[in-house]
Every structure is written in C-alpha cells, then in structure tokens.
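Line by line, the protein sequences give chains X and P. Note that my numbering has the first sequence beginning at -7, numbered continuously upward. Note that my numbering has the second sequence beginning at 39, numbered continuously upward.
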Amino acid sequence: GESVGLHLPTLSVQEGDNSIINCAYSNSASDYFIWYKQESGKGPQFIIDIRSNMDKRQGQRVTVLLNKTVKHLSLQIAATQPGDSAVYFCAENAGNMLTFGGGTRLMVKP
Amino acid sequence: ETGVTQTPRHLVMGMTNKKSLKCEQHLGHNAMYWYKQSAKKPLELMFVYNFKEQTENNSVPSRFSPECPNSSHLFLHLHTLQPEDSALYLCASSQDLEGLRGYTFGSGTRLTVV
C-alpha cells in the first residue's frame, strides 16, 4: 500500500557540519509534507512544512526540499548542534490525514 | 509545553489492572488523536475524534477504549493489557482532520505492562 519511509535509520554527524535527512514517499497524491523532531522523553515537535506547489522552503537553520518527480523529501540542518540530536520523521498528507514515516535518529558528535 | 498535556507521564500496570490515560488541549482544536509509538516502528494511529465524534478506529483491540467527552479532553481506558502493549502513547490535536497546519503532540505516556 501507500507508505512513507526513511532511507537511513541512524545518522551521525560532527558538530558544526550540515545534516541531511531523507524521506521517500509513494503516494503521488500527497500535497503537504511536514518534518517533525522528537527528542528523548518528548512528543514529536513540528519543525517545518512544505506544500507540493513548492520545491524548497527555508526556516531557521533548516531547509526542506521536495522532489515530486522521484517522490523524495529531505531535511537539511545547517551547522548541526548538540541540541539537534533527536529522531526526525516526515509526514505526508494526501487529503485526509497525516501519515508518518519511520524516523531517522540524528546523533551529533562534539 | 506544546499546549497538549498528557498525564501520567509514566505508568506501570499489571495485566489485570484498569487504568486511564488523559489528554487535554486548550488550543481550540477540533480533532484529537491517539497514537502508539513502539521501538523501531512508525507512529501507529489508534483513534481519531473530530468534534467529539470518533471517526477512526484503526483495528485497535477492545482492551483499549477511547473516550472524548468534549473537544478539549481525550481519554484512553486500558483494561487487561498485554506486555506487547508497552509503548509510548501519544496524544495529538489539530485544527481539523486534514491537519494542514500540522498536529500538536503531547509528551506522551510511557506505559509498561508487567
């Protein structure tokens, strides 16, 4: 069936480097996407969203890229900090409700 | 604080116990959700309520019983659970079912069934 999934379960980066977390989706009808961050002991927290009529959206230190041709979504974090260590997962909306992906754990090395 | 409050934060219960999880939001949202989060699994949608009416029951066993007395409160009643039900139970709310401004999650209840 349709699903949202993540390429890498764990990503380890050096503090100060840029991080790229990827997400593949299979529902071509999805028109809205969200990235969430979940820190240990907390619920998922909204980071940034993007609609399908855009291919790039920037926030504070984060950028989301959407490639509808290959159904791929990525989250770029600039100058990764220890506080960025968390599980990140994407969610898609195809007109009814959000469907969540499996998550990637980002580990930041000092 | 996100605006969605879940209590208790941690719960240990025996398989014969009855307990309830509580979720409260005062964001003016009309839709509320229960999700189950297990290790190495995606978020599993359990129940959806919209304007206090249940709109989704994602094949959840009857030992989980939701209750939504009003748009601000959501409960999950637990009865005769199994050890495999141990997980983080997350409550979320959204303005509407489409969630086009995203879902706001609580911090979850870490449930351990012994």
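Yeah, the Cβ is synthetic: ideal placement off N, Cα and C, and Gly gets one too. Because the structure is a prediction, the values reported are computed rather than measured.
The beta carbon of Leu3/X sits no closer than 7 Å to any beta carbon of chain P. In this structure, Thr72/X is the residue among Gln52/X, Ala21/X, Thr72/X and Asp47/X with its C-alpha nearest to the C-alpha of Asp9/X. DSSP, read as helix, strand or coil, puts Glu136/P in coil.
When the Cα atoms are used, Gly93/X and Ser110/P turn out to be separated by approximately 27 Å. Comparing alpha carbon positions, the residue from Glu7/X, Leu90/X, Lys101/X and Asp23/X closest to Tyr73/P is Leu90/X.
It is roughly 7 Å from the alpha-carbon of Tyr24/X to the alpha-carbon of Ala86/X. Ranking Ser18/X, Tyr80/X and Asn45/X by CA distance to the CA of Gln37/X puts Tyr80/X first. In this structure, Leu128/P places its C-beta atom within 7 Å of the C-beta atom of Gln75/P. Look at Lys34/X: its C-beta is under 7 Å from a C-beta on chain P. No residue range can be given for Thr72/X, since it is assigned to no beta strand (DSSP E) and is classified by DSSP as neither H nor E. In the three-state scheme derived from DSSP, where H, G and I count as helix and E and B as strand, Pro99/P is classed as coil.
Note on geometry: alpha-carbon atoms of Asn88/P and Arg148/P lie some 25 Å from one another. DSSP places Asp41/X inside the beta strand (DSSP E), whose first and last residues are Gln37 to Arg43. For the segment 7 to 25 of chain X, the residues whose beta carbon sits under 7 Å from a beta carbon of chain P are, in order, Tyr24. Residue pairing of Ser4/X in beta bridges, as defined by DSSP: Met99/X.
Between the segment 39 to 53 of chain P and the segment 135 to 147 of chain P there are three or more C-beta pairs closer than 8 Å, enough to call the two in contact. In the three-state reduction of the DSSP assignment, Glu82/P falls in the strand class, which pools E and B. Within chain P, the C-beta atoms nearer than 8 Å to that of Gly93/X come from Pro80, in chain order. The closest CA to that of Gln52/X, considering only Gln68/X, Met46/X and Arg43/X, is found on Gln68/X. For Arg53/X, no beta strand (DSSP E) encloses it, and the DSSP letter there is neither H nor E.
Short of 7 Å from the beta carbon of Tyr17/X, and not among the five residues preceding or following it, lie these beta carbons of its own chain, in chain order: Val(-4), Lys63, Leu65 and Glu84.
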